Amino acid sequence: MAGVIAEIGDRVEGWSVGDRAAVGWLGGSCGHCAFCRVGDVVHCPERKAPGLSYPGGWARSITVPPMRSHASPTSSTSSTPPRSAARA
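All the letters of the sequence shown, read from the start, carry residue numbers 12 to 99 under this note's numbering.
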């Protein structure tokens with residue numbers, strides 16, 4: 012999914028309202044279980060995914076962990092990208 016950041020949480024650094032961002036299919040993991048410690052985050056019992064753990068690509072807006080957001084190119088085939096918010 013890709014869009015334009017509409018809101019930023021108080022503790023989010025490195026992002027600004029209006030930045031273009033993309034979010035992959037993995038929306039987060041705990042970072043400390045046995046799976047995460049060996050880099051196997053898809054098997055983390057606390058993993059999160061857009062569309063399951065929080066609204067996905069069909070939603071009007073989404074809120075995602077900032078560490079799962081990535082800078083997106085300024086050009087796009089879509090003339091009106093979805094709005095998103097990063098919260099921490």
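Backbone N, C-alpha and C fix where the C-beta goes; we use that ideal spot for every residue, glycine too. Treat the numbers as computed from the prediction; the structure is a model and nothing was measured.
Cα-Cα separation between residue i and residue j, rounded to whole angstroms
i          : j          : result
residue 13 : residue 49 : 29 Å
residue 78 : residue 34 : 10 Å
residue 27 : residue 17 : 9 Å
residue 24 : residue 46 : 27 Å
residue 30 : residue 38 : 19 Å
residue 76 : residue 67 : 13 Å
residue 73 : residue 42 : 22 Å
residue 64 : residue 22 : 21 Å
DSSP state of residue i mapped onto helix, strand, coil
i          : result
residue 15 : strand
residue 43 : coil
residue 34 : strand
residue 84 : coil
residue 99 : Low per-residue confidence applies at residue 99: pLDDT is 46, beneath 50, and the placement is therefore not dependable, though the value from the model is reported in the following sentence. In this structure, residue 99 counts as coil in the three-state DSSP scheme.
Sequence-distant residues of its chain with Cβ nearer than 8 Å to residue i (five each side left out)
i          : result
residue 44 : 55, 56 and 57
residue 32 : 13, 14, 15, 16, 26, 80, 81, 82, 83, 95 and 97
residue 36 : 60 and 61
Same chain, Cβ closer than 7 Å to residue i, neighbours up to 5 away in sequence not counted
i          : result
residue 40 : 47, 52, 55, 57 and 58
For residue i, the residue or residues it bridges with in DSSP
i          : result
residue 64 : DSSP output for residue 64 lists no bridge partner at all.
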